[in-house]
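Using the numbering used here, the first residue of the sequence shown is number 20, and each one after it goes up by one.
Note that beta-carbon positions come from the ideal geometry of N, C-alpha and C, so glycine has one too.
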Amino acid sequence: MSLTDKNKASNSNNLRASSQPETDKSLIIKNGWLQKIEQQLSTFFSPRQPQDNISLLVIHNISLPAGSFGGNYITDLFLGQLTADAHPTFSDIAQLQVSAHCLIRRDGSIIQYVSFNNKAWHAGVSCFNNREKCNDFSIGIELEGSDDIPYEEAQYQQLSRLTVSLQQHYPLITNEHIVGHCDIAPSRKTDPGHIFNWPYYRRILQQRKVN
Ligand SMILES: [Zn+2]
């Protein structure tokens, strides 16, 4: 590379860096945890086994009460602190022991509940490529949402940003190993729903990788 080329590259890098919004910076993963991200430590996890190579990303949605956004009920659920009488629909779910690795809220903010190096309890009875018990080898990301309400742009951006970091850190999560909960438990689950724009998500994911 000539000096001139070096200068050009350096200048273009500087330009790109200065014009990047916060969501274009990489998310750093250390010891299974995202750095500079809100953590709420769930006890609903189990250790991974040495043979459980992390090789799948599962995208979900959740809203509590169903169709309502905001508030802390999702975190309460994943921490085992949801009270049955907080809403008429909670009596059936308050005792569930479920979790996910991360939640991406409507504004794009992330909360992490379980280390990626442990199993979160998100997939339930499930199967991917003839392998059952997807919790063993997957990472579960919840989008705050429901099957028929469009997701926010901030959520697509943050999900793609998070996906890039996860794929860098866990390279067995190839693009073909990113699925919806509906794909691994089709008789039980519909999330992230027909409204989730897979082509758009995959497009901005690729754009982040080439930029
Ligand atoms: Zn799900």
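- Nearest Cα to E57 within the set P84, K44, F147 and S134: S134.
- For the pair of segments examined, the segment 178–193 was found to touch the segment 155–166: the number of CB pairs separated by less than 8 Å reaches three.
- Across the structure, N136 and V117 are spaced so that their CA atoms are roughly 17 Å apart.
- Counting the other Cβ atoms within 10 Å of the Cβ of D210 gives 16 or more, which makes it buried.
- Here the distance from the Cβ of K208 to the nearest heavy atom of ligand 1 is below 7 Å.
- G164 counts as buried, since at least 16 other C-beta atoms from the protein chains shown sit within 10 angstroms of its C-beta.
- Remark: the shortest separation between the CB of H79 and any heavy atom of ligand 1 falls under 7 Å.
- Under DSSP, I158 shares a beta bridge with L76.
- With distances taken between CA atoms, E151 lies nearest to A204 out of H196, I197, H120 and A204.
- DSSP places L122 inside the beta strand (DSSP E), whose first and last residues are C121 to I123.
- Here A105 carries a helix assignment [DSSP, helix/strand/coil].
- One alpha carbon belongs to S179, the other to Y219, and they sit about 10 Å apart.
- Between the segment 90–110 and the segment 59–67 there are three or more C-beta pairs closer than 8 Å, enough to call the two in contact.
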